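Numbering (our numbering), first residue to last: 2 to 116.
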């Protein structure tokens with residue numbers, strides 16, 4: 002039977018993934034795309050090694066085709082069409098689409114009719 006790693010190992014791995022994403026963002030702002038790509042690949046490798054899911058917010062921050070950090074206006078273009086957010090990578094041209102219906106619903110919920 003395989004031995005499970007202690008919980009603190011997973012906590013450190015999550016922190017490293019977040020740190021690598023932050024460093025990747027800084028490298029994109031500096032214009033060092035190769036280093037940014039390297040940080041994203043390292044973060045993905047850590048998540049695969051320790052079987053940790055990358056949070057959805059972080060998943061949406063990088064291109065799955067060229068592994069670059071998607072920063073609106075610099076490496077990506079963001080458009081909103083018919084209830085969908087479309088993010089286009091300006092380096093490789095790949096397109097990511099995801100719905101934003103949840104955000105709309107969460108904004109509508111606080112408004113209740115009181116009689």
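Every residue gets a Cβ at the ideal spot worked out from N, C-alpha and C, and that includes glycine. None of the values given here were measured: they were computed from a predicted structure.
Inter-residue Cα distance where the pair is residue i and residue j
{"i": "residue 27", "j": "residue 37", "result": "8 Å"}
{"i": "residue 79", "j": "residue 4", "result": "44 Å"}
{"i": "residue 25", "j": "residue 73", "result": "14 Å"}
{"i": "residue 88", "j": "residue 69", "result": "13 Å"}
{"i": "residue 98", "j": "residue 66", "result": "14 Å"}
{"i": "residue 9", "j": "residue 20", "result": "16 Å"}
{"i": "residue 62", "j": "residue 41", "result": "10 Å"}
{"i": "residue 81", "j": "residue 96", "result": "13 Å"}
{"i": "residue 14", "j": "residue 57", "result": "17 Å"}
{"i": "residue 11", "j": "residue 84", "result": "36 Å"}
{"i": "residue 86", "j": "residue 2", "result": "45 Å"}
{"i": "residue 90", "j": "residue 39", "result": "17 Å"}
{"i": "residue 31", "j": "residue 75", "result": "11 Å"}
Boundaries (first-last residue) of the beta strand (DSSP E) holding residue i
{"i": "residue 88", "result": "85 to 90"}
{"i": "residue 18", "result": "Element bounds for residue 18: not the beta strand (DSSP E) but the alpha helix (DSSP H), 8 to 31."}
{"i": "residue 1", "result": "The displayed coordinates of the chain run from 2 to 116. Any statement about residue 1 would go beyond what the structure contains."}
{"i": "residue 80", "result": "77 to 82"}
Segment limits, alpha helix (DSSP H) that includes residue i
{"i": "residue 47", "result": "34 to 50"}
{"i": "residue 59", "result": "57 to 60"}
Nearest neighbour of residue i, chosen from the options [CA to CA]
{"i": "residue 50", "options": "69, 6, 39 and 91", "result": "6"}
{"i": "residue 77", "options": "58, 29, 100 and 20", "result": "29"}
{"i": "residue 34", "options": "101, 92 and 99", "result": "92"}
{"i": "residue 64", "options": "82, 47, 43 and 94", "result": "94"}
8 Å contact criterion, which residue i and residue j should meet: CB distance rounded
{"i": "residue 59", "j": "residue 22", "result": "5 Å"}
Contacts around residue i, its chain only, beta-carbon distance under 8 Å, and the 5 residues preceding and following it disregarded
{"i": "residue 18", "result": "44, 47, 48, 53, 55 and 59"}
Own chain, CB closer than 7 Å to residue i, minus 5 neighbours either side, in chain order
{"i": "residue 71", "result": "62, 63, 64, 77, 88 and 90"}
Heavy atom of the ligand FMN within 6 Å of residue i beta-carbon
{"i": "residue 42", "result": "Looking at this structure, you won't find the ligand FMN or any other ligand, since it has none at all."}
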